[in-house]
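Residue numbers (the working numbering), protein chains in the order written: chain A, 51 to 285; chain B, 51 to 285; chain C, 51 to 285; chain D, 51 to 285.
Protein chains: 4
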Amino acid sequence: MTRREPVQKRSRERVAAILKAAQEQLAAGGVEALTTRSLASYSGIPVATIYRYFEDRDAIIAAYLERELESIDHAVEEALRGIERVTFRSMMHAVAHAHLRHHQAHPEGVGVWFGTRLNAAVHDSVRQLDARMASALHGATRGAGFIERGPHFGAGLIVRLWDRTFEHIFRIERSPAEQQAIVDEVVDMIATYMERYATPAGLDGISSDDFLKVLRRTGSPPGSRAQRPPPDPPR
Amino acid sequence: MTRREPVQKRSRERVAAILKAAQEQLAAGGVEALTTRSLASYSGIPVATIYRYFEDRDAIIAAYLERELESIDHAVEEALRGIERVTFRSMMHAVAHAHLRHHQAHPEGVGVWFGTRLNAAVHDSVRQLDARMASALHGATRGAGFIERGPHFGAGLIVRLWDRTFEHIFRIERSPAEQQAIVDEVVDMIATYMERYATPAGLDGISSDDFLKVLRRTGSPPGSRAQRPPPDPPR
Amino acid sequence: MTRREPVQKRSRERVAAILKAAQEQLAAGGVEALTTRSLASYSGIPVATIYRYFEDRDAIIAAYLERELESIDHAVEEALRGIERVTFRSMMHAVAHAHLRHHQAHPEGVGVWFGTRLNAAVHDSVRQLDARMASALHGATRGAGFIERGPHFGAGLIVRLWDRTFEHIFRIERSPAEQQAIVDEVVDMIATYMERYATPAGLDGISSDDFLKVLRRTGSPPGSRAQRPPPDPPR
Amino acid sequence: MTRREPVQKRSRERVAAILKAAQEQLAAGGVEALTTRSLASYSGIPVATIYRYFEDRDAIIAAYLERELESIDHAVEEALRGIERVTFRSMMHAVAHAHLRHHQAHPEGVGVWFGTRLNAAVHDSVRQLDARMASALHGATRGAGFIERGPHFGAGLIVRLWDRTFEHIFRIERSPAEQQAIVDEVVDMIATYMERYATPAGLDGISSDDFLKVLRRTGSPPGSRAQRPPPDPPR
DNA sequence: AATGAATGAGATTTCATTCAT
DNA sequence: CATGAATGAAATCTCATTCAT
């Protein structure tokens, strides 16, 4: 029990070191800059060892993104838990500020998350993450009865506008106060627009517990990809 | 003049052929797939010759993007010319539909423009294009007196939201009708929001000639990078 | 004795499992395909453990070949035991059919035995096996007085022609009947040729017991390489 | 015309240098020893340049074998041209001695030709060469009316026995005189055997011109594979 | 001016083998 | 004794770029 601990701990540390290095490389020059060699020399872990933890180069990027998303997911959930009555507007507000706080707390990741331009192979990963988020938003919105028949542009677009808003904010590097102001304005803009379609319940809101239940029922389970020792494929 | 014509003509044709090939490669597999070799073999122009027209690989990508933007610029200007009274709302509408038409007419380029994930070197290009567009929007808006003191999020953010809207629309491949509906909604959402800050003149509008004058006075001159014979050949 | 039994048994089983896996890999893709990793993953025995049984990769191949040869040796001896009067011709016939039966019974091994192209390190193994066989043939022939002064091409060449005959037969995959017919013809060809040099005793033959005695006296002892615990572990 | 000459000449020299190096590597340690790296460092030609001439590693081996065979083909044809009346026996004799002379003249190649153990990918090459030779032998034999209905083991097997005979001879390194004696004996053995099935014409023979005509009509055209600059495949 | 040829540098991935537990 | 983990060393192949003609 304790015997295996150190090994596991070391493993986890190494994976973390690799992902950290990946982040630096990505931030510095996008996917093209993330080479196995530079990863190795930067992290001090031999290439061959990296391949024990990740199937191939793309798996590293995927793992990095996955991990980042999980962290954001976490922050969002926490933020939602803190609201008394969840409405479409307050939900957007909470989500927005969760993102904001996360990025303000992990500024190193910002450049990567927004700036990294991905190759075709990893693109799907990102699409899936976006889709997951959109589907959660969509599901939660309808599921909680906030909105009955929405506008043509649905959750997917909102997620993307969202994403861009943060990208913009963080790449233009304003003061935290301004960042917050902008986020609030965009929330206001979108929420105002959406409220045209809101149901009475949507304006009144529900408890955060209820909302989280809906959210969980809807969202596809996170994780499940990446970062596992390659199963020594026969031939 | 006539003597050199064929050469010049050939040059232009070759550049066009290279950029066409670049588009295909980019669309097919992103920046990583755009190799000088594949470019050469696809376009039928030897690598060494390509280097006579472009400084390096990145310059090719930059040139491609530049050219694409010019084409959009063109469409936008034409659209604006068609409006009687230009207001913030009608301007956005015109611009949006210019984009829409452009992309609908050049579907091959869509994947590139939105989907291409760029490397660090080219990223700046895009940033600059975005900035140019934002600055034009900003300048025009204030210059024409549409808005006095705007919201915190300014032209830059709008441009980005914009961009994402189109990306979303075209990557999710809906019908032209739906595409239009969505664009209209986003225009409505943003315009409605902006009108909170509008001046009377902004709501009333100005003539398209006047607007275009302002626009031209403001916008940074397009072009200026890429596609020029390499500097003094060494030795 | 009984206490250690299970361990020894397990050892033997593991060695067998490794060699079995080796056979598959060899058959599938030649020496290049026989990697320690694939061996481990296929046999379910960890690489490190394989190294407890075999000094290195080449030792595995050597052991495989050794084992295969032993099996053939066995079959040959049995075949000879079944003959009343052993002459050069009947001996060749018996040996040939022993090979034939062996390969027909173990078709998986055929591709390996004949088809595997060996690397330099293992080549010697095969040379030695061939030499052993040739020396046995030679010794037995002269020892038993079948032949006095033979042709220039001696036992060595016959062994090789032999080998090729079987390779040909099995790689061209004919029906068992045809295989037998071809073998008989080659036996006939060689025997007829050799009988030019035969002594009266050679044409008359001797008892199989006597012949086997001669054979054993002559042949170099089989085995001796491979599959032994690695020498004194360093440190 | 002359302008391009030097280039072509240099190219040819380089290809030759590469194949020479390939020969050394193959002779020294079989296919496994023939690595692109060692090839480059041995021949002094950069890896990247080697790849201009050969599609990949296997193509190099294939080219080497092809070239060797062509050389033998040549020698055989010449030998046949020197015979007055071609019979099965004299043909075999001529062919055998052509091989003999070739190998005696190019002793460096012997180890490779016979000793090299090939990987699965190249194996086919060799099989094809063998098949080509066998088909020529078969075609010529029947075509020239030497033999009507042959024994079960046909041309294919003879070719292989052949091959092995030479391998044996050259690997056991005897004196040229002994080598010749052995070859003669094997020719005698096979020819004697085949003459059982010979037609009168086969025993009488035909003119070498006629025979060569038959041979050419039968054999598949040599060459045609390997060693050409890879056609810059578009992605 | 145009280009076939050349190439240094590096990319990704795998191997055989050895430790440390 | 057994073995998961580690790794130096190499393998194959490609790329962007530059010469030499």
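Think of the CB as a built atom: it goes at the ideal place given N, C-alpha and C, for glycine as much as any other residue.
Proximal residues of chain D, C-beta to C-beta of Ile74 (chain C) below 9 Å:
The sequence given here places Glu at residue 74 (chain C); Ile does not occur at that position. Those do not exist, as Glu74 (chain C) stays about 14 Å from chain D at its closest Cβ, beyond 9 Å.
Is the Cβ of Glu198 (chain C) closer than 7 Å to any Cβ of chain D?
no
Taking the CB atoms as reference points, tell me whether Ala146 (chain A) and Val209 (chain A) lie closer together than 7 Å.
no
Which value, in whole angstroms, describes the spacing of the CA atoms of His188 (chain C) and Trp212 (chain C)?
14 Å
List the residues of chain A whose Cβ lies closer than 7 Å to the Cβ of Val236 (chain B), in chain order.
Phe203
Per-residue contacts from Ala231 (chain C) into chain D (C-beta, under 9 Å)
Pro201, His202 and Phe203
When you compare the CB of Tyr243 (chain D) with every CB in chain C, is at least one pair closer than 7 Å?
yes
Are Val160 (chain A) and Phe220 (chain A) closer than 7 Å when you measure CB to CB?
yes
For Arg210 (chain D) and chain C, any beta-carbon pair shorter than 7 Å?
yes
Can you tell me which of B:Ile95, B:Val97, B:His152 and B:Ala67 puts its alpha carbon nearest to the alpha carbon of Gln230 (chain B)?
B:His152
Would a C-beta distance cut-off of 7 Å place Ala184 (chain B) and Ala155 (chain B) closer than the cut-off?
no
To the nearest angstrom, report how far apart Glu245 (chain B) and Ile197 (chain B) are at their CA atoms.
8 Å
Confirm, please, whether the CB-CB distance from Val126 (chain D) to Ala194 (chain D) is below 7 Å.
no
Out of B:Leu253, B:Glu120 and B:His218, which one is the CA nearest neighbour of Arg182 (chain B)?
B:Glu120
Boundaries of the alpha helix (DSSP H) in which Tyr101 (chain D) is found, first to last residue
Val97 to Tyr103
One question on the structure: do Arg214 (chain D) and Arg214 (chain C) come within less than 7 Å of each other, judged by their Cβ atoms?
yes
Just how far apart, CA to CA, sit Phe203 (chain B) and Thr242 (chain A)?
16 Å
So with CB distances below 7 Å, who are the chain C contacts of Ile222 (chain D)?
Gly206
For a test of the three-state rule: what should DSSP assign to Ser225 (chain B), helix, strand or coil?
coil
Tell me the DSSP bridge mates of Arg135 (chain A)?
A:Ser257
Measuring straight from C-alpha to C-alpha, what distance separates Arg62 (chain D) and Glu217 (chain C)?
38 Å
Quick one: complete alpha helix (DSSP H) runs, 4+ long, within the region 60 to 129 of chain D?
86 to 93 and 97 to 103
Opposing strand residues paired with Leu197 (chain D) [DSSP bridges]:
As written in the sequence, residue 197 (chain D) is Ile, which differs from the Leu given in the question. DSSP output for Ile197 (chain D) lists D:Ala248 as bridge partner(s).
Under the rule that 16 or more other beta-carbon atoms within 10 Å means buried, what is Ala71 (chain A), buried or exposed?
buried
Are the C-beta atoms of Arg214 (chain C) and some chain D residue less than 7 Å apart?
yes
Here's a check: name, in chain order, each residue in its chain whose Cβ is nearer than 8 Å to the Cβ of Arg96 (chain C), leaving out the five neighbours to either side.
One point to set straight first is that residue 96 (chain C) is Pro, not Arg, in the sequence displayed. So the list reads Ala90, once near-sequence residues are dropped.
Around the Cβ of Glu128 (chain B), are there at least 16 other Cβ atoms within 10 angstroms (buried) or fewer (exposed)?
exposed
I'd like to know if Met239 (chain B) contacts chain A, where contact means its C-beta is closer than 7 Å to some C-beta of that chain.
yes
How many angstroms separate the CA atom of Arg102 (chain D) from the CA atom of Pro201 (chain C)?
51 Å
Quick check on the burial criterion: 16 or more other C-beta atoms within 10 angstroms. Buried or exposed for His149 (chain B)?
buried
Between the region 147 to 160 of chain D and chain C, which residues of the former have CB atoms less than 7 Å from a CB of the latter, in chain order?
none
What are the residues of the region 66 to 95 of chain C that lie near chain D, defined by any Cβ-Cβ distance shorter than 9 Å?
Ala78, Gly79, Gly80, Val81, Glu82 and Ala83
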